[in-house]
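I have placed the structure first, in the form of structure tokens, so that the comments after it can refer back to it.
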Amino acid sequence: MNGKFDVVWNAMISGYVQSGFIADALALFREMVSNGIPLDEFTYTSVLSACVNGGLFGLSKSVHAHAIRAGPNFSSYSALPVNNILITMYSKSGKVELARKLFDDMPLKDHVSWNAMLSGYVDAKLIDDALALFHGMSCMNQMAWMVMTSGFVNNGRAEEALALFNMMRGKGFEPCGFTYAGVMAGCADLGSLTAGMQLHAQVTRYGYESSNSAGNALLTMYAKCGVVEDAHQVFVTMCNLDSVSWNAMISAFGQHGYGLDAINLFNEMLLEGIYPDRITFLTILSACTHCGLVDEGYHYFNYMERHYGITPGEDHYARLIDLLCRAGRISEAQNLIQSMPFEPTSIIWEALLAGSRVNGDVDLALEVADRLFKAVPHLDGTYILLSNIYSSEGRYVEAANVRKLMRDRGVKKEPGCSWIEVSNNVHSFLADDMGHPEIDMVCRVLDLINAKITKLGYKPNTKLVLHAMEERDKEYVLSRHSERLAIGFGLLKLPVKAPIRVLKNLRICGDCHAAIMVMSRAFGREIIVRDVKRFHHFKDGECSCGNYW
DNA sequence: GTAGGGTTAG
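All the letters of the first sequence, read from the start, carry residue numbers 1 to 549 under full-length UniProt numbering.
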């Protein structure tokens, strides 16, 4: 066996790994071993990479052991790539501290080592450790900035991602398409349309046509900031639509309540010869749910398996159950749960519980809540929903008991928070929150708004207030919900005809929904609310969800 | 010929 020969083996293995043929790569490695072909650092690096890519961490340990036992004596230089992949191996198998130990002990490190360690921290959600490492990096490159910015975004720290992105530009680093994708996802999280549009201008100069990631993220940013038309504009101008682009656009239509557009786009996707995946069906089922298209939902649910061999997962079932419940077809939903090929878990029960609320079915709600209390005792949503169901039936004592149970178990309700962007600043409000510097003015505006919408026929739905208190106090509580504060602020600050875009971390409350419909008529304003589930476009006294959400 | 990355759904 001469030297040239093992080069060919190595090339074959790395070719397999790069094409995703993990098993073939490993088979070839075994053949090399049994034929006595000399193994070098390239062999081990490729094979270890195959194990890590395939999630075969146990095997990667044996390969590593083999390298130590039977491999060549690595110099610190030739050990470098092997150690680099081992950093990734340790972090991907959840052992970041071992990765760090190896990293610290390495006699020689290069930019790959630093970036691998950085990604390790980011994947483990140890963002502060990642940041500390990042600031200590001696060999900073574009990839490190990208990992750090998207790390912030994926851990709910989008503001810091945007700040880091600006710092990156200030230091003269040119962002790649992936980096743009990451920060644009951050703008989408924040609902910061202004920042998103500035990035759009930058990425146009850069040419997002060449990067599907940037284009897809741009599209999603517009959709999540409430401007579905601009999202569609991006969609039609992109040169290479991939399945992510189609999924994103279908999802955008669905979230905004345009179920039929979503379905039409899905059909167009099929005509273009793009293969739908499980996410496509998830988005199309969501689109049906948001519009109450029960028959269509059923159809797609059956269609995905029959025509595309995609077995519906728990998430697909949960969507269909949600859809059936909202349409009042509770018993069908229960039958569907019975027929599932796996045991129902909490997401299935959550869908059924939400459905029993829509239909005011207290007995069912109790039964389902009981299962959820056992399965996920710390999920705040169960307590809130159950308490809501009792309150709306006027059973305040039982509602209070549920909340006591919640307190006793130390479960905290996520506080409602709404935010709005005004002249490039994001202003956030909590319910009944006096923290904002201009809150007095906002409250006076809300009183005026209330007087006006009451004249136009708005009646507060005090059933939606959880606490037992005087009727007038309940009305007051409703009028100070976070979404109302944000809208009041918007009416006060934004130009006269400008649409008001508000974001909320929870679902919009039924009373606020009714109030905002009247507001949109009273002030001739378009009001767009993104809640945790979907968008509501209020215009001329109506909402795009058609009171169905 | 080697090692490190992103976008959709929730």
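Cβ coordinates follow ideal geometry from the N, Cα and C atoms, glycine included.
Segment contact: the region 409-426 against the region 376-387, three or more CB-CB distances shorter than 8 Å; contact assigned.
The three-state reading of DSSP puts Ile528 in strand, counting E and B together.
The C-beta distance from Ala522 to Arg480 rounds to 19 Å, too long to meet the 8 Å contact threshold. Of the candidates Ala144, Ile516 and Gly524, the residue whose Cα lies closest to the Cα of Pro495 is Gly524.
With a cut-off of 8 Å on Cβ pairs, the region 438-450 is not in contact with the region 497-505, counting fewer than three such pairs. Non-local C-beta neighbours of Lys452 in its own chain, meaning closer than 6 Å and more than five positions away in sequence, comprise Ala522, ordered along the chain. Residues of the same chain with a CB within less than 7 Å of the CB of Cys512, apart from the 5 flanking positions on each side, are His481, Glu483 and Arg484 in chain order. Apart from the 5 residues on each side of it in sequence, Glu471 sits with its Cβ closer than 8 Å to the Cβ of Thr462 in its chain, given in chain order. With respect to the C-alpha of Ala486, the residue from Lys474, Pro460, Ile527 and Asn359 having the closest C-alpha is Ile527.
Taking a C-beta distance under 7 Å as the contact criterion, Thr283 and Asp322 do not qualify as a contact pair. Taking 7 Å as the cut-off, the Cβ atoms of Pro107 and Ser75 do not count as close.
Considering only Tyr275, Gly541 and Ala161, the residue with the shortest C-alpha distance to Ile127 is Ala161. If you look at Glu483, you'll find it in the alpha helix (DSSP H) that goes Ser482 to Lys493. Membership of Lys539 in the beta strand (DSSP E) is indicated by the continuous run Phe535 to Lys539. The C-alpha of Glu41 lies about 36 Å from the C-alpha of Val153. When the beta-carbon positions are compared, Ile87 and Ala116 come within less than 7 Å of each other.
Judged by DSSP in its simplified three-state form, Phe266 adopts helix. With a beta-carbon spacing of about 6 Å, Leu265 and Phe253 fall inside the 8 Å limit used to define contacts.
Cys543 has Phe538 as its beta-bridge partners, per DSSP. Residue pairing by DSSP places His427 opposite Ile420 in a beta bridge.
Sixteen is the threshold: since fewer than 16 other Cβ atoms of the shown chains lie within 10 Å of the Cβ of Gln18, the residue is exposed.
When Cβ pairs closer than 8 Å are counted between the two stretches, the region 361-378 is seen to touch the region 331-347, the count reaching three or more. Annotation for Leu503: no alpha helix (DSSP H) segment contains it, though the beta strand (DSSP E) segment containing it runs Ile500 to Lys504.
When DSSP assignments are scanned along the region 24-112, the uninterrupted stretches of alpha helix (DSSP H) that are 4 or more residues long and fall wholly within it turn out to be 41-53, 57-70, 76-92 and 96-105. In this chain, Glu414 is not harboured by any alpha helix (DSSP H), its DSSP state being neither H nor E. Taking all protein chains in view, the Cβ of Asp361 is crowded by 16 or more other Cβ atoms within 10 Å, so the residue is classified as buried. By the neighbour-count criterion, in which 16 or more other beta carbons inside 10 Å mark a residue as buried, Glu229 falls on the exposed side. Secondary structure at His256: coil, using DSSP grouped into helix, strand and coil.
In the DSSP annotation of this structure, the continuous segment of the alpha helix (DSSP H) that includes His290 starts and ends at Arg278 to Cys291.
When the Cα atoms are used, Met517 and Ala181 turn out to be separated by approximately 35 Å. Contact check for Asp295 and Ser243: beta-carbon distance about 26 Å, past the 8 Å limit, so the pair fails to qualify. With a contact defined as Cβ atoms closer than 8 Å, Leu353 and Leu336 miss out at about 15 Å. The C-beta distance from Gly259 to Leu293 rounds to 5 Å, short enough to meet the 8 Å contact threshold. Fully enclosed alpha helix (DSSP H) runs of no fewer than 4 residues occupy 212-224, 228-237 and 243-255 of the region 212-256, in order along the chain.
Going by DSSP, Asn335 is part of the alpha helix (DSSP H) stretching over Ile330 to Ser339. When only Cα atoms are considered, Asp540 and Pro341 end up about 46 Å apart.
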